[in-house]
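As numbered in UniProt numbering, residues 5 to 444 make up the sequence shown, in order.
A virtual CB, placed ideally from N, CA and C, is assigned to each residue, including glycine.
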Amino acid sequence: GLADRLQSTIQKIRGKGKVSEADVKEMMREVRLALLEADVNFKVVKDFVKKVSERAVGQEVLKSLTPGQQIIKIVNEELTSLMGGEQSKIAVASRPPTVIMMVGLQGAGKTTTTGKLANLLRKKYNRKPLLVAGDIYRPAAIKQLETLGKQLNMPVFSLGDQISPVEIARKAIEKAKEDHNDYVLIDTAGRLHVDAALMDELKEIKELTKPDEIFLVVDAMTGQDAVNVAQSFNEQLGITGVVLTKLDGDTRGGAALSIRAVTEKPIKFVGLGEKLDALEPFHPERMASRILGMGDVLTLIEKAQSNIDEQKAKELEQKMRTATFTLDDFLDQLAQVRKMGPLDELLKMMPGANRIKGLNNIQIDEKQIAHVEAIIKSMTKDEKLRPELMNSSRKRRIAKGSGRTVAEVNRLLKQFEEMKKMMKQMSGMQQKVKKKGGFK
Ligand code: GDP
Ligand code: MG
5 GLADRLQSTI QKIRGKGKVS EADVKEMMRE VRLALLEADV NFKVVKDFVK KVSERAVGQE
65 VLKSLTPGQQ IIKIVNEELT SLMGGEQSKI AVASRPPTVI MMVGLQGAGK TTTTGKLANL
125 LRKKYNRKPL LVAGDIYRPA AIKQLETLGK QLNMPVFSLG DQISPVEIAR KAIEKAKEDH
185 NDYVLIDTAG RLHVDAALMD ELKEIKELTK PDEIFLVVDA MTGQDAVNVA QSFNEQLGIT
245 GVVLTKLDGD TRGGAALSIR AVTEKPIKFV GLGEKLDALE PFHPERMASR ILGMGDVLTL
305 IEKAQSNIDE QKAKELEQKM RTATFTLDDF LDQLAQVRKM GPLDELLKMM PGANRIKGLN
365 NIQIDEKQIA HVEAIIKSMT KDEKLRPELM NSSRKRRIAK GSGRTVAEVN RLLKQFEEMK
425 KMMKQMSGMQ QKVKKKGGFK
């Protein structure tokens, strides 16, 4: 997929100390192919590559200490801006209820998204939505929405399939006012293709209800088609935002990247599954990072750049490679990392962290780190260089000196040994990759 392809391109450039214009050109060629392969709109790709190239060959980038990383940063920033930059908000009517029309083709996920959105509005914004069954053409559609309403324990307004959707919408808004529902979510009918009769009906509902939002629901799996659908709904009806569903599936990402650029309308939410809690506000920045498969590594790079002493970082890296990392270095590293801010925040930004279950709940105890520091500082120079010297009388002395227990001293030594082992393996791996002409 797009992520894999971009990631392998990025791997090639990541650690480069020197990047030439030719390197940039080669990388941009790959990026261009990756985007086209992901079904991103042709014109969007062209503009994107042009923008990134212009910025990447800029003097300050190629001459910087970390050109590879700078270019990744540019790609990320441009991907983010392609998707609209900022996260966009959901409208609130000055006089409630706020009316939202859900529109889109059949099977895109309108009805499901109506339920999910109601759920989100209540859970996140403390709102009281009324769901409106406005699809009278598919026999099961009303029932489907009513079932969702039951699951959510939320009111669903329906008048069966004998009354026109326009009339249903009008009565629903009256009802919402009576019952003090502050949001009205109108589910509407879809068709297999954009067709004139459907558009007329939707226009009529729009005229009458003056919705604060018209959300077009599109299926991310349909790639360019989703973009074309968005374009024609926007031209014919006017939409305020897009909900991109089925992003949990095997999508190529093209829709997410093209819709904003083609329609100038933001993606507001993304659907990530069939369950009622599988809807999330769309964050262009997070999506870009997800596409690049790098967690929030850019923030991390920025933090590191502003806080870590370049020279020290180089020395540490060298030590890791040669596995001559000592307890003193460990202490140094702790100090550097602590300068960057709370550890649990940092950990969440690590690449791949989003894949680690439960990381969101992790609490790193800053006190523990202070204890580790105290223990290491109570060691003699010899002990720090050669932990294998450690015997029980030394451990007792260190425990006493640091105000910790012998068990804690043992645990630290064990952890340190494991870390060293891991580093040895890592540097072994890097050597192998290097020989194969891999990522360095
Ligand atoms: P509608 O015809 O536009 O109202 O579409 P529905 O709401 O009936 O959804 C069609 C199908 O897509 C249903 O089986 C939904 O469960 C499924 N669906 C909707 N949104 C998502 C999503 O974000 N992810 C996945 N995997 N399935 C979804
Ligand atoms: Mg439906």
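* CB-CB under 6 Å to E30, same chain, minus the five flanking residues each way: which ones, in chain order? -> Result list for E30: empty, nothing under 6 Å.
* To do: If I'm right that residue 491 touches A265 with Cβ under 8 Å, what's the distance once you round it to whole angstroms?
  => Residue coverage of the chain in this structure runs from 5 to 444, which leaves residue 491 outside it and unanswerable.
* **the ligand MG heavy atom lying under 8 Å from the CB of G194** => Because some heavy atom of the ligand MG lies under 8 Å away, the Cβ of G194 counts as near it: yes.
* To do: Quick one: measure Cβ to Cβ for G153 and L135, integer angstroms, because I've assumed they're closer than 8 Å.
  => Right, the Cβ-Cβ distance comes to about 5 Å (below 8 Å), so this counts as a contact.
* Among L331, I373, K424, which residue has its Cα nearest to the Cα of E387? -> With respect to the C-alpha of E387, the residue from L331, I373, K424 having the closest C-alpha is L331.
* Hey, would you say A42 sits closer than 9 Å to L261, going by beta carbons? -> With contacts defined by Cβ atoms closer than 9 Å, A42 and L261 form a contacting pair.
* Report the three-state DSSP secondary structure of P133 (helix, strand or coil). => If DSSP states are grouped into helix, strand and coil, P133 belongs with the strands.
* Asked: If you run the structure through DSSP and keep just helix, strand and coil, what is F334?
  -> When secondary structure is reduced to three states using DSSP, F334 falls in the helix class.
* To do: Please determine, among E268, I243, A224, the residue with the shortest C-alpha to C-alpha distance to K250.
  => Closest option to K250, Cα to Cα, is A224.
* Under the three-state reduction of DSSP, which class applies to K424: helix, strand or coil? -> DSSP places K424 in helix when its eight states are reduced to three.
* Reduced DSSP category for M32 - H, G, I as helix; E, B as strand; rest coil -> Looking at M32 - three-state DSSP - the assignment turns out to be helix.
* Unbroken beta strand (DSSP E) runs of length 3 or more, entirely within the stretch 85–172: which are they? -> As far as the stretch 85–172 is concerned, its whole beta strand (DSSP E) runs of at least 3 residues are 102–107, 133–138.
* To do: Return yes when the Cβ of I17 is within less than 9 Å of the Cβ of I104, no when it is not.
  => Result no, Cβ atoms of I104 and I17 do not sit closer than 9 Å.
* Asked: Once you ignore the five residues that flank residue 462 on each side, which residues in its own chain have a CB closer than 7 Å to its CB?
  -> Examination of residue 462 is not possible in this model, given that the chain is present from 5 through 444 alone.
* To do: Return the CA-CA distance between R142 and I209, expressed in angstroms with no decimal places.
  => Cα to Cα, the separation comes out at about 18 Å.
* Coarse secondary structure for I402, derived from DSSP in three states -> For I402, the secondary structure class from DSSP, reduced to helix, strand or coil, is helix.
* Smallest Cα separation from N395: which of K385, G407, V413? -> Ranking the options by Cα distance to N395, first place goes to V413.
* Asked: Who pairs with P71 in a beta bridge, going by DSSP?
  -> DSSP output for P71 lists no bridge partner at all.
* Asked: Excluding sequence positions up to five away, which residues of its chain have a Cβ less than 6 Å from the Cβ of G62?
  -> Excluding positions up to five away in sequence, the list is empty.
* Asked: Quick one: is S24 buried, meaning 16 or more other Cβ sit within 10 Å of its Cβ, or exposed?
  -> So S24 ends up on the exposed side.
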